[in-house]
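Residue numbers for the sequence shown follow numbering that gives the first Met the number 0, beginning at 0 and rising by one.
Where is the CB? At the ideal position from N, CA and C, for every residue including glycine.
To start, the structure under review is shown below, and the notes come after it.
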Amino acid sequence: MKIAKDTLSFILEVCKSSAPLEFAGMLQADGDVITEVVVVPGTSSSENSAVMQLFMLPNIHTVGTVHSHPSGNRRPSGTDLELFTKKGNYHIIVGAPYNTSSWTCYNKKGETMKLEVVDYDFGDEMDIF
């Protein structure tokens, strides 16, 4: 699996702008490239957690989750690991200072995994009317 460079940039920016509150969302992919972040309606955030109301998630296919740890500690908590087992195979945790070196991808067992950052042509998908 890979992640689009623009999607990663969006993730880093939204995590940074949400600080000191946590940010959380779901990841969608086009083939083997993560291209989108879905913000689940009803998600609540604090300095210690972000709680997604997964029952509010539209009927869409997701490949994992993304959330921030404003503390900078990117190790998954017990709650994170519980979520990982329920939703997808790719889970990104972003920590301060929210740059290209401050994120880690985990599998559903909480093991670190490589996620290649690639250029991706969004084509007309990026057009907003």
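DSSP beta-bridge partners of residue i
{"i": "V117", "result": "A3"}
{"i": "V32", "result": "K1, D29"}
{"i": "V37", "result": "M25"}
{"i": "T103", "result": "I92"}
{"i": "S17", "result": "Per DSSP, none; premise fails for S17."}
Presumed contact (8 Å Cβ cut-off) between residue i and residue j, rounded CB distance
{"i": "A3", "j": "V32", "result": "6 Å"}
{"i": "V65", "j": "N88", "result": "Actually they are not in contact, since the Cβ atoms of V65 and N88 sit about 13 Å apart, beyond 8 Å."}
Close beta carbons around residue i, own chain, < 8 Å, minus the five adjacent residues each side
{"i": "L114", "result": "M0, K1, I2, I33, Y89, I91, C104"}
{"i": "N47", "result": "E21"}
Neighbour-count burial assignment, residue i, 16 or more Cβ in a 10 Å radius
{"i": "S67", "result": "buried"}
{"i": "P69", "result": "buried"}
{"i": "I10", "result": "buried"}
Cβ-based neighbour list, residue i, same chain, cut-off 6 Å, excluding 5 preceding and 5 following
{"i": "E35", "result": "Q27"}
{"i": "S101", "result": "G94"}
{"i": "S44", "result": "L20, E21"}
{"i": "C14", "result": "F22, S67, V93, Y97"}
Beta-carbon proximity list for residue i, same chain, < 7 Å, skipping 5 on both sides
{"i": "L82", "result": "T64"}
Query raised in the report: Mind pulling the alpha helix (DSSP H) runs of 4 or more residues that sit fully within the region 50-94?
Result: 77-83
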